[in-house]
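This report refers to the structure that appears directly beneath it.
In my numbering, the protein residues as written are 1 to 508.
Set out below in structure tokens:
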């Protein structure tokens with residue numbers, strides 16, 4: 001399990017690093033003005049649908065179902081099941097794409113109503129979204145192929161695929177002079193990356209498992225069970241995306257740059273979510289599905305507890321850094337070209353608000369795995385919808401006083417609500433036992449985070465004062481913070497947990 005986590009996490013880390021290089025180019029070329037806001041709407045819309053229909057709901061329903069069919073009935077039945085799901089998925093996405101292309105102006109009026117007063121910005125957002133939206137069809141098929149490969153314990157290509165998005169966008173941005181504008185260049189980069197990701201996953205699956213083919217659809221027991229799980233999972237994913245849609249809608253009414261501040265803050269916040277939370281959750285779900293199919297409930301619970309420890313071990317440093325020195329991080333990463341220090345300050349404050357909810361963001365994939373592995377997609381929906389309701393209500397209450405920072409803070413509170421409810425439901429169902437060892441571990445991680453934060457803040461102040469006139473002050477301060485933080489955090493973990501615990505965690 002550990003090797004697979006490092007495979008997914010390693011490729012995801014590479015994806016995030018190339019993503020930062022991409023975002024540095026975006027910030028320098030697009031800045032944080034109207035064109036940038038129009039592009040980020042064009043990028044968010046297909047991504048929201050992808051999160052609802054592809055990575056969120058689909059994976060939660062498909063991976064356990066495919067693993068169950070393969071384990072109970074063999075590979076031939078699993079392949080037929082995948083063929084039928086592929087056929088239904090392809091047809092539904094073609095219909096969605098056609099509707100979106102036809103009614104894009106009406107959709108933009110609903111999803112970005114703040115653009116209606118700026119005709120040029122609205123027209124640009126519609127044009128860019130029509131370029132990016134077909135990406136959804138391609139990435140949905142990529143998700144299907146990735147789910148099949150994950151059940152085969154092949155995680156590398158699915159984890160590496162997002163790298164193509166970053167490389168493709170950087171290439172088109174570098175050639176922006178050949179496009180009508182930089183926003184068009186970035187949008188075409190998104191679409192081109194969809195084809196590259198598709199061919200990568202299709203090639204891997206064709207080599208090791210056989211690509212799904214169009215098949216006559218039959219609503220047999222396995223397909224019906226899949227849709228029974230997909231419905232609640234879609235509601236759960238939709239609930240989260242409704243909250244993100246609310247961010248987009250509300251932010252279009254805020255001054256220019258608010259959407260961009262949310263985007264860049266979220267990009268940094270997504271680093272630990274993707275590298276740690278999603279990577280561990282991706283590996284944990286097929287692992288627990290296999291154990292539960294084999295009636296090994298104790299083994300499944302041990303796998304989940306180990307996933308919790310890994311997640312917290314690697315997440316706590318990000319929480320400490322994002323809460324104490326977000327301004328330094330934003331300036332070092334993005335404050336160049338068209339992206340000003342004032343833009344970095346706004347994005348940094350937004351990042352700190354997001355960081356309040358970082359722990360539930362990274363833990364939720366591992367927390368819901370115990371339900372999804374048992375084909376119970378309904379229970380997590382209850383928690384998700386309650387969390388979304390609180391999230392949206394707080395957005396409306398806080399945006400007036402705090403602008404986009406209030407949107408991020410509401411998202412954090414909603415994430416905590418969701419996680420605590422999921423854990424409560426798991427305890428009540430007997431899927432999780434909150435014993436003293438777990439509670440002691442949580443307290444030790446919290447203490448290590450406090451120690452790290454206490455070291456980072458004065459280090460940043462001291463370094464900034466002594467490097468005030470240096471051209472690369474923020475970059476040097478960030479490197480110093482990484483060095484000091486690494487020593488302090490590793491030392492606190494060894495002191496609080498001991499080397500024996502660390503070795504047992506690694507060896508499993």
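Glycine included, C-beta positions come from ideal geometry on N, C-alpha and C.
- Cβ-Cβ distances below 7 Å link residue 20 to 333 in the same chain, with the five nearest sequence neighbours on each side left out; the list follows chain order.
- In the same chain as residue 358, and ignoring 5 residues on each side of it, the C-beta atoms closer than 7 Å to its own belong to 269, 272, 315, 318, 319, 322, in chain order.
- Around the C-beta of residue 424, fewer than 16 other C-beta atoms lie within 10 Å, and the residue is accordingly described as exposed.
- If you check the CB distance, residue 232 and residue 381 come in under 7 Å.
- The Cβ atoms of residue 187 and residue 384 do not sit closer than 7 Å to each other.
- The C-beta of residue 465 has fewer than 16 other C-beta atoms within 10 Å across all chains shown, which makes the residue exposed.
- Within the region 464-507, the complete alpha helix (DSSP H) segments at least 4 residues long are 473-497, 499-507, listed from N- to C-terminus.
- Counting C-beta pairs closer than 8 Å gives fewer than three between the region 443-455 and the region 385-404, which falls short of the contact rule.
- Secondary structure at residue 177: helix, using DSSP grouped into helix, strand and coil.
- If you draw a straight line from the Cα of residue 194 to the Cα of residue 45, it is about 15 Å long.
- Look at residue 212 here: in three-state DSSP terms it is coil, with no helix or strand label.
- Look at the region 418-449 and you find no whole run of beta strand (DSSP E) that is 3 residues long or longer.
- Under the 10 Å beta carbon count, residue 462 is surrounded by fewer than 16 other beta carbons and is classified as exposed.
- Fully enclosed alpha helix (DSSP H) runs of no fewer than 4 residues occupy 358-372, 378-402 of the region 348-428, in order along the chain.
- In its chain, beyond the 5 residues on either side, 137 have a beta carbon closer than 8 Å to the beta carbon of residue 94.
- Under the three-state reduction of DSSP output, residue 152 falls in the coil class, being neither helix nor strand.
- Nearest to residue 65 by C-alpha distance, out of 185, 264, 285, is 285.
- Residue environment: residue 120 is assigned as exposed (fewer than 16 neighbouring CB atoms within 10 Å of its CB, all protein chains considered).
- Between residue 209 and residue 152, the gap from beta carbon to beta carbon is short of 7 Å.
- Between the alpha carbons of residue 166 and residue 182 lies a distance of about 15 Å.
- Less than 7 Å separates the beta-carbon of residue 69 from that of residue 81.
- For the set 397, 122, 353, 422, the Cα lying nearest the Cα of residue 412 is the one of 353.
- Annotation for residue 302: the continuous alpha helix (DSSP H) segment containing it runs 297-324.
- The three-state reading of DSSP puts residue 74 in coil, since its state is none of H, G, I, E or B.
- Taking the C-beta atoms as reference points, residue 368 is found no nearer than 7 Å to residue 12.
- In the displayed model, residue 144 falls within a helix according to three-state DSSP.
- DSSP, reduced to helix, strand and coil, places residue 134 outside both helices and strands of the structure shown, so it counts as coil.
- Under the three-pair Cβ rule at 8 Å, the region 296-305 does not count as touching the region 342-353.
- Between residue 497 and the set 483, 448, 178, the nearest pair of CA atoms involves 448.
- In this structure, DSSP gives residue 112 a state outside helix and strand, which the three-state scheme calls coil.
- Rounded to the nearest angstrom, the gap between the Cα atoms of residue 267 and residue 73 is 42 Å.
- Ranking 502, 398, 36, 61 by CA distance to the CA of residue 147 puts 61 first.
- Comparing alpha-carbon positions, the option among 212, 248, 291 lying closest to residue 75 turns out to be 212.
- For residue 101, the number of other beta carbons within 10 angstroms of its own is below 16, and it is reported as exposed.
- Burial check for residue 474: the Cβ neighbour count within 10 Å reaches 16 or more, so the residue is buried.
- Residue 203 and residue 15 have their C-alpha atoms roughly 20 Å apart.
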